[in-house]
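Notes to accompany the following structure.
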Amino acid sequence: MRKSFFVVGFVILALTSSALGTEYQTVDAYKNCIGVRSLNAAYTSNLMPGDTYTVTVDGDAKASMYMDSDYDGVFLYYYDGTAPVHPKMVVVNKGEEHTFVASGSDFYAFLVDKSMKDTADNSGSMTVTITGEPGFREELTVNALFNCIGLFEFGAAKKYLTGGNTYATTVSGTAVTNGDPTGYFDGVCLFYRHISRPYHPILDVLEVGDERLITPHSTGWVFCFLLDETVDAMGNNSGSMLLSFEEETPVEESSWGSVKAMYR
Ligand SMILES: [Ca+2]
Numbered sequence: 004m005r006k007s008f009f010v011v012g013f014v015i016l017a018l019t020s021s022a023l024g025t026e027y028q029t030v031d032a033y034k035n036c037i038g039v040r041s042l043n044a045a046y047t048s049n050l051m052p053g054d055t056y057t058v059t060v061d062g063d064a065k066a067s068m069y070m071d072s073d074y075d076g077v078f079l080y081y082y083d084g085t086a087p088v089h090p091k092m093v094v095v096n097k098g099e100e101h102t103f104v105a106s107g108s109d110f111y112a113f114l115v116d117k118s119m120k121d122t123a124d125n126s127g128s129m130t131v132t133i134t135g136e137p138g139f140r141e142e143l144t145v146n147a148l149f150n151c152i153g154l155f156e157f158g159a160a161k162k163y164l165t166g167g168n169t170y171a172t173t174v175s176g177t178a179v180t181n182g183d184p185t186g187y188f189d190g191v192c193l194f195y196r197h198i199s200r201p202y203h204p205i206l207d208v209l210e211v212g213d214e215r216l217i218t219p220h221s222t223g224w225v226f227c228f229l230l231d232e233t234v235d236a237m238g239n240n241s242g243s244m245l246l247s248f249e250e251e252t253p254v255e256e257s258s259w260g261s262v263k264a265m266y267r
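When the letters of the sequence shown are read in order and numbered with the numbering used here, they come out as residues 4 to 267.
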């Protein structure tokens, strides 16, 4: 019995000292924005505003020489049909189809890595195929070395979380590009690695109203950023987005489960 009291006391102490919390990261529309054309994204300016296009992705791009370091997909940036200057940030993975109505002629596809020095060991490439009516077809090659943007040097916010902890991640706020209210960003781009896949790059766009469970790998970094066409075009950006990383509670529940088990 004495041992049981000791265990209960220890669990309560542990719960008290590891109070769950929420971490935040501001993503500024100017300071944390990356110019995709300036930084060598693969690029076409052949889209016709008002036309519908479908994008698919295939390839063998890798983020390092290690096992399981292949990219699942690519980031895309374009203006969609809702408004002429409304920026759209999307990840399309291999095997998926992404359909949209263009409102501008420019379209960008690229990969990311932590920094420019981390792109040096990348290899392979992705092929982004854009098809549309009538008979439009264009292929962009996204080279894992030359069309990969080093996030650290080019303004992405780097958030550190506790590796292995799970965070319910959401985003709010208003950030605008092109100096126009219809140029608002729908969400924030994320790049990180999962605790169970330490070399596997995860590309994601988290939109307002969505939630992701993020369990970062041991070093805990999560890069957070917005996109614009060029560095020069960012002078009229304004506002910011706020990411919220709310720590989940599975440790607490399992601890109480083991406490109850002693009294069964
Ligand atoms: Ca790399």
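C-beta atoms are modelled at their ideal positions from N, C-alpha and C, and glycine is treated no differently.
Please read these numbers as outputs of a predicted model, since none were measured by experiment.
Output the residues surrounding ligand 1, defined as those with a CB atom closer than 6 Å to any ligand heavy atom, in chain order. 66, 67, 116, 121, 122, 124, 125
Taking the beta strand (DSSP E) that residue 146 belongs to, which residues open and close that run? The count along the sequence shown starts at 1 and reaches residue 146 at position 143. Taken as a continuous stretch (DSSP letters only), the beta strand (DSSP E) holding residue 146 covers 139-146.
Which term fits residue 196, buried or exposed, when burial requires 16 or more other beta carbons within 10 angstroms of its beta carbon? Reading the sequence shown from its first residue, position 193 is the one you call residue 196. So residue 196 ends up on the buried side.
Got a sec? Which residues, its chain only, sit under 7 Å from residue 43 by beta carbon, not counting five neighbours each side? Walking along the sequence shown from the start, residue 43 turns up at place 40. Excluding sequence neighbours, residue 43 sits near 149, 150.
From which residue to which residue does the beta strand (DSSP E) around residue 199 run? On the sequence shown, position 196 is the one that residue 199 refers to. Unbroken run through residue 199: none, as it is neither H nor E.
For my contact list, residue 64 and residue 71 are in at a C-beta cut-off of 8 Å; report their separation, rounded to the angstrom. Locating residue 64 in the sequence shown gives position 61, counting from the first residue. Locating residue 71 in the sequence shown gives position 68, counting from the first residue. With 8 Å as the limit, residue 64 and residue 71 do not qualify as a contact, their Cβ atoms being about 13 Å apart.
Buried versus exposed, by CB contacts within 10 Å (16 or more), residue 117: Numbered from its first residue, the sequence shown carries residue 117 at position 114. Burial call: buried.
Could you name the residues of the same chain whose beta carbon sits closer than 7 Å to that of residue 1, not counting the 5 residues immediately before and after it, in chain order? The requested residue 1 is not part of the displayed model; the chain covers only 4 to 267.
Does chain B have any CB closer than 9 Å to the CB of residue 202? The chain labelled as chain B is not found in the depicted structure, where only one protein chain is given.
Taking Cβ positions, are residue 82 and residue 92 nearer each other than 9 Å? To locate residue 82, count along the sequence shown from 1; it is residue 79. To locate residue 92, count along the sequence shown from 1; it is residue 89. For residue 82 and residue 92, no; Cβs fall outside 9 Å.
What three-state label does DSSP hand residue 96 in the structure shown? As a first step, residue 96 must be located in the sequence shown, where it is residue number 93. Residue 96: strand per DSSP, three-state reduction.
Report yes if the CB atom of residue 110 is closer than 9 Å to the CB atom of residue 162, and no otherwise. Along the sequence shown, one-based indexing puts residue 110 at 107. Along the sequence shown, one-based indexing puts residue 162 at 159. No, these two residues do not count as a Cβ contact at 9 Å.
What beta strand (DSSP E) runs, 3 residues minimum, are completely inside the segment 37-63? 45-47, 55-62
Quick one: any contact between the segment 173-193 and the segment 124-140, if contact means 3 or more CB pairs under 8 Å? no
Counting beta carbon pairs with one atom in the segment 113-131 and one in the segment 48-56, are three or more of them shorter than 8 Å? no
So the beta strand (DSSP E) residue 161 belongs to, where does it begin and stop? Counted from its first residue, the sequence shown places residue 161 at position 158. Per DSSP, residue 161 belongs to the beta strand (DSSP E) from 160-163.
If I'm right that residue 30 touches residue 243 with Cβ under 8 Å, what's the distance once you round it to whole angstroms? By one-based count along the sequence shown, residue 30 stands at place 27. By one-based count along the sequence shown, residue 243 stands at place 240. Residue 30 to residue 243, Cβ: 6 Å. Contact.
Residue from 204, 62, 122 with nearest C-alpha to residue 99: For this step, residue 99 is matched to residue 96 along the sequence shown. Comparing Cα-Cα distances from residue 99 to each of 204, 62, 122, the minimum goes to 62.
What are the residues that DSSP puts in a beta bridge with residue 188? For the purposes of this step, residue 188 is taken as residue 185 along the sequence shown, with counting starting at 1. None; residue 188 has no bridge partner.
Please classify residue 235 as buried or exposed, where buried requires at least 16 other C-beta atoms within 10 Å of its C-beta. Here residue 235 refers to the residue found at position 232 when the sequence shown is read from its first residue. Flag for residue 235 reads exposed.
Helix, strand or coil: which one does DSSP assign to residue 117? Counted from its first residue, the sequence shown places residue 117 at position 114. In the structure shown, residue 117 sits in coil (DSSP, three-state: anything other than H, G, I, E or B).
If you follow the beta strand (DSSP E) that residue 179 is in, where does it begin and where does it stop? On the sequence shown, residue 179 is found 176 positions in, with the first residue counted as 1. First-last of the beta strand (DSSP E) with residue 179: 170-179.
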